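First the structure, in the form of structure tokens, and then the observations on it.
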Amino acid sequence: MKPKIGIDLDQVVCDIQQQMIDIYNQLYPGENLTKKNWTTYYLRDLTSKEREDKVLEILAEKRIYRNMEFIPHAKKSLQKLAQSFDLCFVTHREWLYEKAKQDTVYSLTKDEIPYVRIFFTEKKARVAKSEHLKFFIEDNLKNALEISQVCPCYLFDYPYNREEIEKNSLLIIRGFENQDWWNLFMQILEK
Ligand SMILES: [Mg+2]
């Protein structure tokens, strides 16, 4: 049996942020929102609750999880990681719309993403504990801090994490946009 690892979906495997940016810029021309200037985790903290709600409403209408866009190199990296680990996806995206769970499973299957289990929950540290995960990959600082009490948690370095990263001694993954992040993990794990 292979060791199990936990992986978040949004902004680790799937690029929901770019889709939110595209919708936002269409709704509010001239604002020029980009990944670089999106420096808070929640869009509402950068803009307003009303604007975030509007963007989320459109995402839900589009049933966004049925056709997922991938983070660069995610698909290949997951396929390679799956050779050494059993992949468990742990996501809290189910709240966005009624069929989010089934659309997620449909999309992962359609895109031939290898995994053994998927958990829909915000209690990610609990899953890390109950499933005895060897390590976890996240983009949400709050989750990462909780999970890292249970197992090593790698946090993707996004502009919205940067300020907090400086204050917290977490395991940070940089450069994942530019290369197979499988390679980054292998380098770390072999040390
Ligand atoms: Mg995420």
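In our numbering, the protein residues as written are 53 to 243. Built from N, CA and C at the ideal position, the CB exists for glycine as well. Small disclaimer: the values here were computed from a predicted structure and weren't measured.
Compare the C-alpha of residue i against each of the options and name the closest.
{"i": "Asp105", "options": "Lys186, Tyr149 and Arg214", "result": "Tyr149"}
{"i": "Lys219", "options": "Tyr167, Asn235 and Leu193", "result": "Leu193"}
{"i": "Leu85", "options": "Leu197, Ala112 and Asp74", "result": "Asp74"}
{"i": "Ile123", "options": "Trp234, Gln239 and Leu241", "result": "Trp234"}
{"i": "Lys132", "options": "Tyr167, His144 and Glu113", "result": "Tyr167"}
{"i": "Phe137", "options": "Met53, Glu229 and Arg96", "result": "Met53"}
{"i": "Ile240", "options": "His144, Ala126 and Leu223", "result": "Leu223"}
{"i": "Thr161", "options": "Phe141, Leu95 and His125", "result": "Phe141"}
{"i": "Gln231", "options": "Glu174, His125 and Tyr94", "result": "His125"}
{"i": "Met238", "options": "Ile165, Glu229 and Gln135", "result": "Gln135"}
{"i": "Lys87", "options": "His144, Glu242 and Glu229", "result": "Glu229"}
{"i": "Leu217", "options": "Tyr93, Lys128 and Tyr80", "result": "According to the sequence shown, residue 217 is Ile rather than Leu. Checking every option, the nearest Cα to that of Ile217 belongs to Tyr93."}
{"i": "Ser221", "options": "Glu198, Leu185, Ser100 and Leu95", "result": "Glu198"}
{"i": "Gln69", "options": "Pro81, Asn89 and Pro55", "result": "Asn89"}
What does a CB cutoff of less than 6 Å around residue i pick up in its chain, not counting 5 residues either side in sequence?
{"i": "Glu121", "result": "Asp67"}
{"i": "Phe187", "result": "Ile57, Cys203 and Pro204"}
{"i": "Thr156", "result": "Tyr117"}
Could you name the residues of the same chain whose beta carbon sits closer than 7 Å to that of residue i, not counting the 5 residues immediately before and after it, in chain order?
{"i": "Ser159", "result": "Tyr117, Arg118, Asn119 and Met120"}
{"i": "Glu146", "result": "Ala152, Lys153 and Phe172"}
{"i": "Ala112", "result": "Leu148 and Tyr149"}
{"i": "Lys181", "result": "Val202"}
{"i": "Leu139", "result": "Ile57, Ile59, Leu130, Leu133, Pro166, Tyr167 and Val168"}
{"i": "Glu174", "result": "His144"}
According to the Cβ coordinates, are residue i and residue j closer than 9 Å?
{"i": "Gln154", "j": "Ala177", "result": "no"}
{"i": "Tyr76", "j": "Arg115", "result": "no"}
{"i": "Ile189", "j": "Ile165", "result": "no"}
{"i": "Asp163", "j": "Lys127", "result": "yes"}
Could you spell out where the alpha helix (DSSP H) holding residue i opens and where it closes?
{"i": "Val107", "result": "Lys101 to Glu113"}
{"i": "Lys153", "result": "Ala152 to Lys162"}
{"i": "Tyr76", "result": "Ile68 to Leu79"}
{"i": "Phe122", "result": "From DSSP, Phe122 is part of no alpha helix (DSSP H); its letter is neither H nor E."}
{"i": "Lys194", "result": "Leu193 to Ile199"}
{"i": "Leu236", "result": "Trp233 to Glu242"}
{"i": "Ile217", "result": "Arg214 to Lys219"}
Within the same chain, show all residues whose beta-carbon is closer than 8 Å to that of residue i, passing over the 5 residues directly before and after it, in chain order.
{"i": "Thr91", "result": "Leu98, Pro211, Tyr212, Arg214 and Glu215"}
{"i": "Asp191", "result": "Asp60, Asp62, Gln63, Val64, Leu207, Phe208, Tyr210 and Asn213"}
Locate the beta strand (DSSP E) running through residue i, then write down its first and last residues.
{"i": "Val142", "result": "Asp138 to Thr143"}
Kindly say whether residue i, judged by its beta-carbon, lies nearer than 9 Å to any beta-carbon of chain D.
{"i": "Ile170", "result": "Absent from the structure is chain D; it holds one protein chain and no more."}
> Taking a cut-off of 7 Å, which residues have a beta-carbon closer than that to any heavy atom of ligand 1, in chain order?
Replying inline: The set, ordered by position in the chain, is Asp60, Leu61, Asp62, Gln63, Val64, Glu190, Asp191 and Asn192.
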